Every structure is written in C-alpha cells, then in structure tokens.
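A short write-up of the structure that comes next.
Chains as they are written, first to last, in the numbering used here: chain A, 280 to 542; chain B, 21 to 580; chain C, 420 to 761.
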C-alpha cells in the first residue's frame with residue numbers, strides 16, 4: 280500500500296489510471312455488445328402461421344398499428360408492406376418500438392424466429408407486398424462484388440458511407456452501419472425502404488444487382504482492411520484524431536525521455 | 021587550419037586530422053566544424069517539435085520519391101485489372117489505378133503509401149505544435165520576428181503540400197474535395213469562373229488537374245519548403261536557440277549540451293525514433309483506404325466526406341455558415357448595366373474570412389505585441405506561458421477557434437457517435453465558434469494568473485508538505501518546506517510588464533494612437549502578478565495577503 | 420545589444436513606464452546548480468550495464484531489418500487481403516524495430532554514457548554596430564554613384580519597364596484552359612432525352628418509380644460520349660416519387676413532374692457536392708459534405724445549411740413507350756454559383 284500511495288504522485292499515474300479506465304469501459308462495452316442474431320428462415324407460411332401471427336399482432340402491435348393493421352395516428356398502416364418489412368423491422372429489433380424518437384433503432388430482438396415468421400405471415404396475408412427473399416438470391420458467393428461495389432457507391436454510400444460504417448441524416452436521424460447486418464436484412468431493407476430509407480424496388484435495382492451489392496458488402500467485411508486497423512472507416516477525421524492523440528502522444532513521450540537527465 | 025601555400029606549418033598527425041586537412045585545403049570545411057562542432061543547444065522537450073517537423077519532412081521526401089516511381093498522374097480512362105477483387109473491371113483513371121497498384125501489387129507499396137500519409141499528418145501537426153510552442157513561450161520576440169514569419173509561411177506551405185497530395189489518388193474522397201475547391205473558386209467575384217477553368221483546364225473535373233497538382237506536389241511546393249527550411253535553420257544558427265529562464269541561464273548566455281557528441285547523438289537518434297514511430301503506425305493502422313472510396317465520379321459521394329485535419333477547419337467554416345437567415349439571403353444578385361452578377365457570400369465568407377483573420381494575426385503578432393509592450397529589447401530567455409497571461413489566453417482562444425471549426429467539419433460524425441441531432445450540433449457550433457474563443461480567453465487568463473499566484477506562494481512560503489503540527493499553545497499549522505535558491509529563482513525570474521498610461525504631449529493633447537495604445541496596454545496588463553522580490557521574501561513571515569500587485573486584481577481575488 | 424537591466428521596455432515618446440528601475444529588487448541569479456553524477460558515472464557496473472543495453476538495442480534493430488526481409492520475401496502476395504495485411508505488418512514492424520533500435524540505442528548511449536555536464540556559451544551580437552554603419556554607408560554610396568536618385572527619368576522609365584516586363588509571364592498561362600463561355604449554363608439534358616439509371620444507362624419507365632423510391636439518373640447516351648465526367652458533373656439528377664398531394668408546384672411548374680415523379684439536379688448549389696441523401700418520409704434532401712438540406716415539398720427550397728439557392732428542377736414527361744424523358748434542359752444553371760450566373 281505504501282508503494283501504491285507513493286506512486287500515486289508519479290507524473291504517469293494519471294495516464295495509467297486513464298488507460299485503465301478506458302480499457303475497463305472498452306472491455307465491458309465489447310462484452311455487452313456481442314449479442315448477435317440468428318439466421319435461417321422458412322419462407323413458406325401456413326394458415327396456422329397466419330392465425331398465430333394474428334394473435335401475436337393483436338397482443339404486441341395493434342396498440343399502435345391498429346386492429347387489422349390499418350394504422351393510427353401513432354403508426355402507419357401495414358397493409359401491403361409485405362412479409363419482408365415485418366421480418367426486417369421485427370427481426371432487427373426495431374419493432375416493437377421502444378420509445379418515440381427520430382427513428383426506430385435496432386435493439387435486441389423481442390421475438391423468436393418462429394414468432395417473427397408468424398407475424399410476417401399475418402401481415403403478408405393482409406395485402407401483397409415484398410416477400411422474404413430466398414436463400415439463393417442472398418448467397419454472396421453467387422454475386423459480382425465489383426458490380427455491387429459500383430451500385431453501392433451510387434445508391435447507398437452517400438448515407439451508409441463507402442465502407443458501410445453509417446452516417447448522419449437530418450434532425451437526429453441516421454443511416455446505421457451495415458457492418459453487422461445479415462444478408463437477408465440488407466436485402467429486405469432495400470426492397471421495403473424502412474423509415475427514411477428510399478425503396479429500391481426490383482425495377483430500380485434488380486434482384487441480381489442486389490445480390491451483387493450483398494456480395495460486395497460481404498467481401499469488404501470478410502477481408503477487412505489491408506492496411507491494418509481501420510479506425511472505424513470514418514475517414515480523415517478519425518485519422519486526424521489518431522495522429523494528434525496517439526502519434527503525437529508517443530512522439531512527445533519520446534521527447535520527454537530524450538531530454539530528461541539519466542538517473 | 022591549414023594554408024594552401026607550399027610551406028605548411030600544420031602537419032596533421034591523426035587520421036581524422038589528415039582527412040580534415042585534405043577536405044579543408046580544398047573546400048575549407050574546418051570553419052564549419054569550428055562553428056558547429058561544439059555549438060551549445062539548450063535542452064527541453066518542447067524544443068523538439070521543430071525537429072519532428074524536419075524529420076517527418078525528410079521521411080516524406082524519402083517515401084514520396086519511392087511513390088513517384090510507381091504513380092502515374094494521368095486522368096486517362098482505364099479498366100482496373102489489378103489484385104483488388106472488389107474493383108476488378110471498374111472504369112477509373114490511370115492515376116487511381118496506379119495508386120491501387122501501389123497499394124496491392126507492389127511489395128511494400130502499401131506500407132510506403134501509409135507511412136507517407138501518416139508522416140504528412142504528423143508533419144502538419146508537428147509544424148502546428150512547434151508554432152504554438154514558439155508562440156506560448158514568446159520565442160518570436162526580437163530578434164526572431166523574421167524567423168517567425170518564415171515559420172508562418174512554412175505552415176501555409178505544409179497545408180498546400182498536404183492538400184495537393186490528398187488529391188492525387190483521384191479517388192471519390194479526393195475528387196469531392198476538388199469539387200469543393202472548384203465550387204469555392206467559382207464563388208470568387210469576377211475572376212472565379214476563369215480561375216476554375218484555367219486550373220482544371222476547362223470544365224470540372226477535366227483531364228488536367230491531377231497532373232498539375234502532381235507537379236506542384238512533388239516539385240514546386242517541396243522546393244519552396246526546402247528553401248524556407250534552409251532560411252529557417254540559418255536563422256536559428258544565427259540567433260542561437262532561446263532558452264527557458266532558470267538558475268545559470270541569462271539573456272546573454274546559452275546553457276546546454278554541445279552538438280558533438282551529445283546533441284548530435286540525441287538529435288540524430290531522434291530521427292530514427294520518429295521514423296520508427298511512423299513505421300509502427302503505418303504497419304498497424306490504415307490511412308486513407310482509397311480502395312473503399314472507389315474511383316472519382318461526380319455522382320456518388322460517401323457519408324463522412326471530410327478533408328484531412330489541417331484543411332478541416334475551412335470545411336468546418338463552410339458547414340457552419342448559413343445560406344440564409346430568415347429571409348435574408350447571403351447570395352446577392354447584383355444588377356449591373358451589362359446584366360446581373362452573383363456574389364455568393366455564403367461561400368466566400370467562410371472560405372476566406374477565418375483563414376484571413378488567423379493568418380493575418382499570426383504573421384503580424386510579433387509586431388502587435390511589441391507595439392503594446394513597447395519592448396524593443398532582445399529576448400533570448402523564454403516566457404513560461406503563465407507569465408504572459410494575455411498572450412497565452414490569445415493563443416488558447418486561437419486553438420479553441422480552430423478546434424471548433426474542425427469539430428464542425430466532423431459535425432455528422434459527432435451526431436452519429438453521440439446520438440444527437442446533426443442540426444443541433446451545427447447550431448451549437450455556430451454559437452461556440454464566436455463564444456468559445458472568448459470563454460477560452462477568459463478562463464485561460466484566469467488560470468495563468470492563478471498559477472502565477474501559486475508560484476508566488478511557493479517562492480514565499482515553500483511547498484506544502486501536508487504535515488500538520490500542533491504548537492504548544494494549541495494552534496495547528498501546516499509545515500511548509502522552503503524551496504532552495506535554484507528552484508526559487510525559476511519562480512521569480514520573469515518580467516511582469518505594467519499598464520502604460522498615455523501622457524499628454526506639449527499641447528496637452530493625447531493622440532488617438534496613444535489612447536488606443538493605452539487601452540491595449542490596459543487590456544494586456546491590467547491584471548498582473550508581480551514576481552516576488554527579495555524584500556518580500558524577507559518580510560514573508562507575517563503578511564500573507566499583500567502578494568498581489570494592482571488594486572483591481574485584489575478585488576478580483578476577493579470576488580473569486 | 421544585450422540589455423543588462425530589465426526595466427519594462429524602453430520608454431516611448433509619450434508613454435511613461437509605471438515602475439522603472441525595479442532591478443534593485445530582483446533576485447540574484449544563483450548560477451548553475453551543482454552537477455549531480457549519474458549512476459553510470461559512479462558505478463562501474465552500471466556503466467557496463469548501460470553499454471550492454473545500448474548494444475542490445477542495436478541488435479534489436481538488426482532483428483527488425485531481418486523481420487522486414489522475412490515479410491518481403493516469404494509472404495508472397497496472392498490477391499488475398501489477409502496476406503497483404505500480414506506483409507504490411509511485417510514490413511512496418513520490421514522497419515519500426517530497425518529504426519527504433521538505432522534511435523533509442525543512440526539516445527540511451529548519449530544519455531547514460533556521454534558527458535552530461537551542461538556547458539555555458541555566451542551569446543554574441545548578431546552583427547557589430549560598426550558593420551551596420553559601414554553597410555549603410557556602402558548602400559548610400561552605391562545609390563549615389565548609380566545616380567538613380569538624381570536622374571528621375573531613368574528611374575521612372577526603369578520602374579515602368581520593370582512593372583510591365585512580368586506581364587508576359589502571366590499572360591503565357593492563358594492557355595491553361597478555355598474560356599467558360601456558355602458551358603456552365605447548359606447540360607446534356609434536352610427535349611426528349613431519356614432518363615437512365617446511373618451507372619448502367621438503362622432507361623426508366625414511369626411505372627418503375629414507385630412511391631418512396633429514389634433513382635440516381637444520368638441522361639441517355641452519357642456513357643458513350645468523350646467528356647463523360649464533365650457532362651456527368653452537371654447532368655446527374657435524383658428522381659423520386661411522392662404522393663402528388665405532397666408536392667406544391669408553383670405556377671408554371673405544374674407540368675414539370677409526372678404524377679408525383681419529380682427530378683432535381685443532384686449537384687449542390689453550395690459548392691457542388693452530390694446532394695444524394697433522400698429521406699423518403701420527410702422528403703428532405705441532404706448534402707453529406709456541408710449538410711445543406713432541401714425540402715422537396717417546397718420545390719427543394721433550402722431549409723438548413725450553407726446553400727442559398729434551391730436545387731434546379733428538371734422538367735420531365737413520359738414518351739410514347741412509357742419511358743421518362745426530359746421536357747427541356749434545366750431552366751437555370753446547375754451547381755455552385757459563379758459570378759456570371761446572373
């Protein structure tokens with residue numbers, strides 16, 4: 280203890296403490312945010328599914344979207360939004376919405392895959408809309424990553440960032456990072472245009488082109504950055520902060536050592 | 021010294037002597053050795069930033085030369101056929117394709133690109149920090165004013181070098197940067213459109229700009245930087261390095277280590293250290309991932325499009341300026357006899373005004389301060405920043421101004437990372453860009469004055485030991501440990517200029533200039549803390565409260 | 420040149436100094452503190468240890484260089500990003516160790532084993548005053564002898580010639596680029612030019628554009644022309660469909676859209692970034708560079724940010740085959756303002 284209380288006054292003590300605090304916070308955050316969602320989904324619905332979905336809807340969704348999903352002042356009608364929309368919104372945890380805000384945010388998923396399927400079946404039964412994509416069209420190995428990259432840059436990068444790291448919209452809204460989004464949810468987001476995202480229907484970007492985009496995203500995620508840690512892929516601002524804090528910090532540490540007297 | 025006549029009186033005995041004799045009798049090198057071999061340099065960690073800047077510049081020259089062997093500044097169209105699969109077959113310029121080849125197909129090319137770019141960021145950062153060190157310690161005062169100006173020129177040159185280099189890969193990020201430059205240029209009244217057409221060789225983006233920027237980046241700007249560095253270092257030698265005040269250090273001497281061997285070893289070793297640090301960063305951290313951005317095309321854009329940090333403040337200013345306030349429009353349509361012309365103050369004001377103010381103040385500051393202090397003496401002893409509270413506060417205000425503008429350039433990232441509204445971030449930063457520097461000025465000056473008071477306290481009464489002693493009659497006192505003469509001298513050896521009151525001339529009038537000067541002097545030195553005098557020290561046993569000179573300041577203490 | 424006293428600056432003509440002659444009250448400079456020997460100066464073993472440490476650091480540098488070559492020769496690039504990352508790491512760390520080993524070694528050597536006595540050197544005048552007098556005299560003599568003061572005719576004609584002579588050096592840069600002419604005021608769009616997808620160039624039917632969708636559009640034939648990027652930089656358009664109820668076209672512009680489909684220039688009126696971010700619920704367009712926000716419901720009026728002018732609208736209609744075509748070019752210049760814009 281005596282040694283500790285002496286070292287407390289050491290000039291580097293503050294740095295050590297800060298470093299420790301950062302490591303602890305970072306560690307807890309990393310541990311807390313590894314909750315990932317499962318995939319695999321059947322796209323065929325039975326009458327039972329519709330029936331079960333109707334019950335789930337009345338219990339969990341109807342208070343905002345209205346009985347029969349006809350909509351209310353609080354939330355839009357869901358007639359004709361399609362199974363894909365439900366699968367995306369509920370499957371990423373955006374629905375049921377936790378609170379009013381600029382936009383619904385992804386959070387831990389509230390329902391099992393089965394329940395999500397039932398909800399989707401119910402909403403799909405109300406009116407025709409985009410359906411949940413098949414496994415074949417989601418297979419990134421079938422896509423052309425370089426065509427996908429070109430389409431991504433023209434249609435997506437302005438909001439989601441060229442490396443899919445996300446970006447800001449107006450009034451607190453934002454385009455999320457799609458690093459950890461599953462292929463199916465990416466596809467569904469394109470066809471349904473959740474919240475403020477525009478719809479990219481099949482006439483705009485064909486299913487094969489969508490597959491290419493998914494292949495591109497899959498490629499850049501799988502391969503990582505060739506140059507080492509990517510600093511969040513946020514561009515020159517994070518690079519500038521890094522050189523000021525880490526680069527200059529290390530250099531200053533060396534200058535202090537270099538000009539101090541040896542003991 | 022040897023002479024070139026046949027009759028030599030000096031016959032070298034050692035091997036070194038023979039070499040120097042050989043060289044000296046041909047080019048006269050021993051004068052340089054005599055001048056520099058044992059020249060004294062004072063040692064302080066803050067004196068190293070100029071060296072960091074110099075070394076990063078050398079690293080930039082070395083790595084840049086490597087890059088030029090593989091880079092092709094052509095804007096001709098090609099289809100990429102290199103190793104990076106997600107861009108295979110994509111149409112792009114030869115410049116971008118060659119940048120990708122450097123990154124993916126030339127061994128060590130990616131490392132060289134990364135170390136070059138990291139070195140560029142560190143170069144600009146170390147230039148800035150070096151300049152701040154010179155500013156905060158008053159090293160720009162006579163006789164070093166011209167060298168300060170050369171340094172300011174080097175700041176501008178390093179920005180130019182950085183920006184021209186940033187544009188060369190011809191990727192989406194740099195292309196949008198050029199698009200913004202084009203937009204700003206076109207906003208210039210009368211000549212803007214022509215300048216843009218001349219720079220780009222026609223309409224934006226054209227096929228000329230990359231080649232032109234390349235020539236500027238690898239030839240013209242580095243040549244001028246080298247010239248300026250030469251002048252800069254020449255003047256450092258001429259003036260000898262300034263030093264911090266302290267025991268043994270006076271305005272007429274220089275205390276430190278001789279170049280040979282200690283200083284040369286430290287400075288030389290430091291080059292390798294800077295190189296090593298940059299290499300480690302380039303090994304493990306990506307910079308400017310051009311493969312993410314794709315080739316330049318006027319249609320796409322990436323969220324989070326920003327310039328490098330040293331240009332970021334201008335971009336931030338562009339973001340903060342509103343185009344309209346209520347119904348007032350900052351773009352004016354001015355009717356002339358020949359037609360209507362457009363004046364876009366919403367672009368011109370943020371692009372030019374902050375930079376003009378900052379650089380004008382930077383270049384003229386040595387003379388502004390000399391005018392306020394009327395101080396024409398030579399200064400070889402530096403100020404501790406706290407001992408020049410107003411100057412320090414001005415410097416911090418400038419830093420805060422810069423930081424607010426740079427934050428504005430990352431307003432979208434602030435919004436997404438702190439989950440706040442982009443619009444609110446902009447409103448806050450609009451407020452802070454005006455009031456942040458003012459608040460920073462006031463707070464800094466108070467802190468500097470408080471630190472000076474702490475110094476006085478320590479000089480007079482010594483350090484607090486934390487030991488509480490109870491005297492026989494019951495009083496508790498804390499034992500103070502007196503500081504030794506050397507430490508005390510460090511705390512008391514500074515100038516504390518006082519307010520100069522303007523006086524009337526023979527006609528009983530005070531000229532306007534003198535009035536302004538009086539006001540400026542009051543602004544600078546109204547609040548001041550005088551250094552401890554030996555008399556005060558002798559009397560310090562009793563009076564605790566008579567430590568602040570200047571009645572105003574005593575009031576401010578009471579109210580704080 | 421060096422002032423022994425430290426009064427508060429030289430008094431100016433009309434300014435008094437508050438407290439002159441304070442130097443009597445100043446502390447004596449106690450001189451350099453006594454030199455404290457280092458461990459290596461006192462202890463022979465410590466000296467030896469420092470010597471070995473320096474040598475070890477130099478040896479680490481050698482290992483670093485070897486690491487560099489290991490990465491260079493034994494990590495062949497095979498188009499995989501993973502390999503490249505490993506090679507970059509090895510080259511970088513190799514260089515870092517190689518450089519830091521030398522640098523830290525030399526500095527450690529200097530700090531522990533080279534003499535650490537501080538040395539005092541006196542400063543000398545930059546130039547003796549005598550030299551300044553001599554220089555002044557020489558310059559004046561030279562000026563006198565040249566007669567430039569006495570012969571104003573020569574002086575003035577030289578001045579005039581010297582002012583004119585650099586002009587060719589400026590004029591010769593005239594051919595850096597063509598004159599703007601009318602080029603900034605027109606784009607590729609014209610009556611009947613089809614709207615096509617960026618980058619594929621395939622035409623778009625009105626029925627393809629469902630409510631809520633956004634198409635990034637280039638004029639038909641753009642991909643085939645020579646100066647593609649220059650034309651693209653002016654012609655790119657964002658195509659969106661809203662509920663027609665939500666559009667509020669001003670008089671004369673009712674026919675510029677088609678059943679809720681509207682096309683606006685994608686080039687920001689601020690400094691020219693692509694205004695590509697479309698929020699389909701709020702109907703706002705946002706520029707990612709400087710956050711100018713345009714409201715589709717008010718004909719792309721600026722509602723936030725540094726832009727001052729609305730985005731120009733491209734009038735569109737539908738041709739016989741159901742494809743979207745432009746009715747005309749833009750009615751005003753697109754992109755950032757310029758002086759001649761009018």
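Cβ coordinates follow ideal geometry from the N, Cα and C atoms, glycine included.
Predicted model, so just to flag it, every value in this text is computed and none were measured.
Checklist entry - Looking at the structure shown, is residue 644 of chain C part of a helix, part of a strand, or coil, going by DSSP? => result coil
Checklist entry - Going straight from the alpha carbon of residue 429 of chain B to that of residue 492 of chain A, what length do you get? => result 30 Å
Item to check | Within chain B, the residues that residue 527 of chain A reaches when beta carbons sit closer than 8 Å | outcome: 142, 145, 146, 149
Checklist entry - For the stretch 292-310 of chain B, which residues have a beta carbon sitting closer than 7 Å to at least one beta carbon of chain C? => result 292, 293, 295, 296, 299, 300, 302, 303, 304
Checklist entry - Between the C-alpha atoms of residue 540 of chain A and residue 530 of chain C, what's the straight-line distance to the nearest angstrom? => result 7 Å
Checklist entry - By a C-beta neighbour count over all protein chains shown, 10 Å radius and 16 as the cutoff for buried, is residue 348 of chain B buried or exposed? => result exposed
Next on the checklist: Quick check on DSSP: helix, strand or coil for residue 440 of chain C?
Outcome noted: Residue placement at residue 440 of chain C cannot be trusted, given a pLDDT of 44 that sits under 50; the coordinates are not used to answer.
Checklist entry - Does the Cβ of residue 321 of chain A have 16 or more other Cβ atoms within 10 Å, making it buried, or fewer, making it exposed? => result Unreliable placement is indicated for residue 321 of chain A, whose pLDDT of 42 sits below 50; no coordinate value is reported for it.
Checklist entry - So, are the CB atoms of residue 397 of chain A and residue 331 of chain A less than 8 Å apart? => result yes
Checklist entry - Can you find a CB in chain C that lies within less than 8 Å of the CB of residue 160 of chain B? => result no
Next on the checklist: Three Cβ pairs or more, each shorter than 8 Å: is that satisfied between the stretch 515-532 of chain A and the stretch 326-340 of chain B?
Outcome noted: yes
Item to check | First and last residue of the uninterrupted alpha helix (DSSP H) at residue 709 of chain C | outcome: Taken as a continuous stretch (DSSP letters only), residue 709 of chain C belongs to no alpha helix (DSSP H), as it is neither H nor E.
Item to check | Contacts of residue 429 of chain A in chain C (Cβ-Cβ under 8 Å) | outcome: 618
Next on the checklist: Considering only their Cβ atoms, is the gap separating residue 316 of chain B from residue 242 of chain B smaller than 8 Å?
Outcome noted: no
Next on the checklist: Does the stretch 260-275 of chain B come into contact with the stretch 43-53 of chain B, if we say contact requires no fewer than three beta-carbon pairs (one atom in each stretch) closer than 8 Å?
Outcome noted: no
Checklist entry - Around the C-beta of residue 497 of chain C, are 16 or more other C-beta atoms found within 10 angstroms, so that it is buried, or is it exposed? => result exposed
Checklist entry - Does the beta-carbon distance from residue 497 of chain B to residue 489 of chain B come in below 8 Å? => result yes
Checklist entry - Hey, does residue 291 of chain A have any beta-carbon neighbour from chain C nearer than 8 Å? => result no
Next on the checklist: To be precise: take each residue of the stretch 55-72 of chain B, compare its Cβ to all Cβ atoms of chain A, and keep it if any distance is under 7 Å. Which residues remain?
Outcome noted: 63, 64, 65, 68, 72
Checklist entry - Is it true that the CB of residue 233 of chain B sits closer than 8 Å to the CB of residue 272 of chain B? => result no
Item to check | Where residue 102 of chain B falls: helix, strand or coil (DSSP) | outcome: coil
Next on the checklist: I'd like the list of long-range same chain contacts for residue 517 of chain C, defined as Cβ closer than 6 Å, with 5 residues on each side in sequence excluded.
Outcome noted: 480, 483, 484
Next on the checklist: Once the 5 residues before and after residue 573 of chain C are set aside, which same chain residues still bring their CB inside 8 Å of it?
Outcome noted: 566, 567
Item to check | Chain-order list of residues whose beta-carbon lies under 7 Å from that of residue 404 of chain A (same chain, five-residue window excluded) | outcome: 329
Checklist entry - According to DSSP, which residues form a beta bridge with residue 353 of chain B? => result B/362
Item to check | Chain-ordered neighbours of residue 457 of chain C on chain A, where CB pairs are closer than 9 Å | outcome: 540, 541, 542
Next on the checklist: DSSP three-state label for residue 633 of chain C, please.
Outcome noted: strand
Item to check | Cβ separation of residue 230 of chain B and residue 188 of chain B, assumed to be a contact under 8 Å, to the nearest whole Å | outcome: 6 Å
Item to check | Candidates B/479, B/370, B/522, B/314, of which the one nearest residue 534 of chain B by Cα | outcome: B/522
Item to check | Length at least 4, wholly inside the stretch 464-508 of chain A: the alpha helix (DSSP H) runs in chain order | outcome: 486-502
Item to check | Chain-ordered chain A contacts of residue 530 of chain C [CB-CB under 7 Å] | outcome: 541
Checklist entry - How should residue 554 of chain C be labelled, buried or exposed, when 16 other C-beta atoms within 10 angstroms of its C-beta is the threshold for buried? => result exposed
Next on the checklist: On the DSSP letters alone, give me the boundaries of the beta strand (DSSP E) that residue 381 of chain A sits inside.
Outcome noted: First-last for residue 381 of chain A: undefined, no H or E at that position.
Checklist entry - Which ranges would you report for the beta strand (DSSP E) in the stretch 525-554 of chain B if only whole runs of at least 3 residues count? => result none
Item to check | Start and end residues, beta strand (DSSP E) containing residue 434 of chain A | outcome: From DSSP, residue 434 of chain A is part of no beta strand (DSSP E) but of the alpha helix (DSSP H) over 424-434.
Item to check | C-beta neighbour in chain A for residue 327 of chain B, strict 8 Å | outcome: yes
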